[in-house]
Structures are given as C-alpha cells and as structure tokens.
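Shown next as structure tokens:
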C-alpha cells in the first residue's frame, strides 16, 4: 500500500500499520472483536458443559 492510499479492506495485510491513526483504530477494533468473540465462545462452552451435566444427571 502506498502512502496516501485509502484502505481497500479490513484485512490485516491491507492496513497501513505505519500510519498511527489506522494502527490505533484497527488495533482497538481487533482487540474489541477478540474480547467479544472470546466472551461469546466462553458462554457457549459453559452452556454446553452445563447441558451435558444436566443430561447425564437426568439419565
């Protein structure tokens, strides 16, 4: 990516990480998405474990 070009996509390899405004924005965006995704994954995992325990207990 050349200096002065706009972002073509949100993929990490297409972001001009040398530009501080892009680096901060996309760094925070990816951190928030990782946090939300981890939280959702944890909730799903705990729900599945709880469901399996209740099914085993009721059998």
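Residue numbers (this note's numbering): 153 to 211. We put the CB at the ideal spot given by N, CA and C, even for glycine. All values reported here derive from a predicted model rather than from experimental measurement.
For this session: State buried or exposed for residue 167, treating a residue as buried only when at least 16 other CB atoms are found within 10 Å of its CB.
Result: Residue mapping note: residue 167 aligns to position 15 of the chain shown, counting from 1. Label assigned to residue 167: buried.
Exercise. Looking at the structure shown, is residue 204 part of a helix, part of a strand, or coil, going by DSSP?
Worked result: Position 52 of the chain shown, counted from the start, is the residue given in the question as residue 204. Helix, per DSSP.
Exercise. Would DSSP call residue 171 helix, strand or coil?
Worked result: Position 19 of the chain shown, counted from the start, is the residue given in the question as residue 171. Correct three-state label for residue 171: coil.
For this session: Alpha carbon to alpha carbon, how far is residue 201 from residue 208? Give it in angstroms, no decimals.
Result: Taking the chain shown and counting its residues from 1, the one referred to as residue 208 is at position 56. Taking the chain shown and counting its residues from 1, the one referred to as residue 201 is at position 49. Spanning the two alpha carbons is a distance of roughly 11 Å.
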